[in-house]
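Engineer: Each residue of the sequence shown is one higher than the one before, counting from 0 in numbering that gives the first Met the number 0.
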Amino acid sequence: MPDALWWIVGSGMAMIALSAVGAVALLLDDAALRRLVLPLVALAAGSLLGGALFHMLPAAVEAMGNGTALWVWVTAGFVAFFCFEQFLHYHHCHGPSHDHRRPFGHLILFAGALHDFVEGLAVGGAFLIDIRLGVTAWLAAAAHEIPQELGDFGALVHAGWSRGSALLFNALSAGGFLAGGLVAYAISTRVGVAFLVPFAAGNFLYIAAADLVPEINRHEDWTVNVVHFLSLSVGLLALLSVKLALDPS
């Protein structure tokens, strides 16, 4: 168990450090940023799908058995993120109209922190089941975090935040991942946390299918579609390769 704690803390600190990648957005013009971000989004979608299908679901079946309860937790993870996004969308659309800039920036930070907390909770649970599973789950989450941080940092600066403030508060928001992992560790001494693995798989499936794939699907230029397809395939094949390397059976 102590080994898992150190992995959880280390992965949380690494996710906070990763939040600084958003500063790259300031070095690129809009066209270059779009060319960079969308292939990364496709790669992240493939990584999340591969993490859920090749790693988390098989591990969940091994830990919980292939019964109805497991698939209820997968569904709960999927539906929880749907409800979470509906809540944020409602408050963004119905928030104070006298200042469009600051509320939008705060909404980004709130959404990012809550999102990272749930992911940290799930990845922390994966570390508690198996260190290798936790590392794989973290890699899939990190692949998703890179394009998200690029977009969030640019949006905060656009909303009127200084570059220093955007970096600082983005890092604080990313701290939600570490907080989630520590909560998973804390409750593991009282209750079983195996359910967090299928719950996380549901999260990953929702993010990939509902958030990321629509961003890269049906582009007007077929060559761009090919690039997105190849990027998604690389994400899937990378996670499949890790699975085969760790567990050839």
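Every residue, glycine too, gets a C-beta built ideally from N, C-alpha and C.
What you are looking at is a predicted structure, and each value in this text was computed from that prediction instead of being measured.
Any idea what DSSP makes of E84, helix, strand or coil?
Structural biologist: Helix, per DSSP.
Engineer: Assign V225 to one of two classes, buried (16 or more other C-beta atoms within 10 Å of its C-beta) or exposed (fewer than that).
Structural biologist: Answer is exposed; the Cβ neighbour count stays below 16.
Engineer: By DSSP, does H99 sit in helix, in strand, or in coil?
Structural biologist: A caution first: H99 carries a pLDDT of 40, below 50, which makes its placement in the model unreliable, though a value can still be read off. Reduced to three states, the DSSP call for H99 is coil.
Engineer: Using a threshold of 9 Å, state whether the C-beta atoms of A44 and V241 are closer than that.
Structural biologist: No.
Engineer: V225 lies in the alpha helix (DSSP H); which residues open and close that run?
Structural biologist: V225 -> alpha helix (DSSP H) spans 221-245.
Engineer: Could you tell me the alpha carbon to alpha carbon distance between G249 and Y184, rounded to whole angstroms?
Structural biologist: The structure shown does not extend to residue 249, since the chain is modelled only from 0 to 248, so the question has no answer here.
Engineer: Between the segment 193-200 and the segment 111-125, do three or more beta carbon pairs fall short of 8 Å?
Structural biologist: Cβ pair count under 8 Å is three or more, so yes.
Engineer: Counting only the same chain and skipping the five closest in sequence on each side, list residues whose C-beta sits under 7 Å from that of A140.
Structural biologist: Excluding residues within five positions, the ones whose Cβ falls inside 7 Å are E118, V122.
Engineer: So S18 and A173 are in contact, right, with Cβ under 8 Å, and what is the actual spacing, rounded?
Structural biologist: Right, their Cβ atoms sit about 4 Å apart.
Engineer: Skipping 5 residues on each side, what residues in its chain have a beta carbon closer than 6 Å to that of A41?
Structural biologist: Around A41: I215, H227, S230, L231.
Engineer: Along the alpha helix (DSSP H) that carries A62, what are the first and last residues, could you check?
Structural biologist: 56-63 is the extent of the alpha helix (DSSP H) around A62.
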